[in-house]
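Student:
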Amino acid sequence: MDSQDKSDMQPEFLRRQYEFTAHIRDPDRQPAPADVDARRMALYRELFYNNVAGFMANSFPVLHEILNEAHWHALMRDYFARHISHTPLFPEMPPICRTCQMPAVLPRPDINEIRLNIDSAGQRHAFCSEACQHIFRQAPERHCGMTWWEVNDNVELWRYIVDAGLLRSDGKTLMGQPHLRTDEASLWTIDDIRRTGVVIKDPLKTIPAEAFVAI
Ligand SMILES: [Zn+2]
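Numbering of the sequence shown is given in our numbering, commencing with residue 310 and proceeding in unit increments.
#1: Could you tell me whether the region 316-335 touches the region 440-451, where touching means 3 or more Cβ pairs closer than 8 Å?
#2: Let me confirm a value: residue 384 is counted as buried when at least 16 other C-beta atoms fall within 10 Å, else exposed. Which label applies?
#3: When the distance is taken between beta carbons, is residue 389 closer than 9 Å to residue 414?
#4: Beta carbon of residue 411: closer than 8 Å to some heavy atom of ligand 1?
#5: Under 9 Å, do residue 464 and residue 508 count as touching if we go by C-beta distance?
#6: Which runs of the alpha helix (DSSP H) at least 4 residues long sit entirely within the region 495-524? Give them in chain order.
#7: Which residue marks the beginning of the alpha helix (DSSP H) containing residue 366, and which one marks its end?
#8: Taking buried to mean at least 16 other C-beta atoms within 10 Å of its own C-beta, is residue 334 buried or exposed?
#9: Assuming the contact rule is C-beta atoms closer than 8 Å, residue 475 and residue 484 should be a hit. Round their C-beta distance to whole Å, please.
#10: Near residue 373, what residues of its chain come up, given a Cβ to Cβ distance below 7 Å and the 5 sequence neighbours on each side ignored?
#11: On a CA-only basis, which of 442, 467, 471 and 515 is nearest residue 505? Give me that one, please.
#12: Any heavy atom of ligand 1 closer than 8 Å to the beta-carbon of residue 456?
#13: Write down the C-beta distance between residue 458 and residue 512 rounded to the nearest angstrom, noting that I regard them as a contact closer than 8 Å.
#14: So for residue 441, helix, strand or coil by DSSP?
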């Protein structure tokens with residue numbers, strides 16, 4: 310998409326790079342560069358996709374295990390084609406649906422456009438699906454509970470982990486580990502989290518006001 314908007318202003322080599330990478334990211338919708346051998350292009354497509362999908366499978370082993378192959382690959386394809394990364398870290402998380410209180414990436418990986426509304430009192434709401442948005446509109450007063458983000462907005466992550474009782478009995482090792490290694494030296498502790506400096510931020514607050522539709 311970007312490659313076409315900018316194509317007039319860009320030097321030729323940049324235009325070609327965009328064309329090349331756009332096809333690798335989204336081969337179903339972006340044509341392959343005309344002058345690259347199809348066999349080589351297929352190799353690139355496979356290498357890049359497998360690299361990212363492998364990285365994600367290692368990072369989210371449980372999700373990878375519980376989703377069936379088709380669902381997992383649909384999720385990876387969608388991420389690979391449409392996600393614009395601004396940082397190699399993962400500071401951004403999806404908003405939580407006001408109605409079902411699940412992360413607003415449901416109901417399907419290929420239909421996950423988050424619905425954003427603002428009510429007459431100025432409160433922002435995200436919905437995971439048309440169904441949840443509809444349920445909310447029927448009786449907003451029944452779904453006025455705070456989301457996890459709203460409850461924990463601006464809390465330091467290490468403090469949240471301590472307060473939520475997510476440490477092991479030694480008072481310092483995390484119960485939830487980001488990997489499956491069990492040797493003592495590899496286990497993450499609360500000090501590791503403290504050093505990251507991560508503060509919980511409600512993602513709804515950073516979305517520009519014009520993205521919200523009045524209800
Ligand atoms: Zn929902």
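Where is the CB? At the ideal position from N, CA and C, for every residue including glycine. None of the values given here were measured: they were computed from a predicted structure.
Tutor: Concretely, from the data shown:
#1: no
#2: Numbered from its first residue, the sequence shown carries residue 384 at position 75. Residue 384 comes out buried.
#3: Numbered from 1 along the sequence shown, position 105 holds the residue referred to as residue 414. Numbered from 1 along the sequence shown, position 80 holds the residue referred to as residue 389. Cβ distance not < 9 Å, so residue 414 and residue 389 don't count as in contact.
#4: Within the sequence shown, residue 411 is the residue found at index 102, counting from 1. Residue 411: yes, Cβ under 8 Å from ligand 1.
#5: Translated into positions along the sequence shown, residue 464 becomes position 155. Translated into positions along the sequence shown, residue 508 becomes position 199. Closer than 9 Å, so yes.
#6: 499-505 and 512-515
#7: Looking up residue 366 in the sequence shown gives position 57. Here the alpha helix (DSSP H) through residue 366 covers 347-368.
#8: Residue mapping note: residue 334 aligns to position 25 of the sequence shown, counting from 1. Residue 334 comes out buried.
#9: Along the sequence shown, read from residue 1 onward, the residue named residue 475 stands at position 166. Along the sequence shown, read from residue 1 onward, the residue named residue 484 stands at position 175. With 8 Å as the limit, residue 475 and residue 484 qualify as a contact, their Cβ atoms being about 5 Å apart.
#10: Residue mapping note: residue 373 aligns to position 64 of the sequence shown, counting from 1. 366 and 381, listed in sequence order.
#11: Locating residue 505 in the sequence shown gives position 196, where the first residue counts as 1. Measuring from the Cα of residue 505, the nearest candidate turns out to be 467.
#12: As a working mapping, residue 456 is identified with position 147 in the sequence shown. No, the beta carbon of residue 456 sits no closer than 8 Å to any heavy atom of ligand 1.
#13: Looking up residue 458 in the sequence shown gives position 149. Looking up residue 512 in the sequence shown gives position 203. Sure, about 7 Å apart at Cβ, within 8 Å.
#14: The residue given as residue 441 occupies position 132 in the sequence shown. Three-state result, residue 441: helix.
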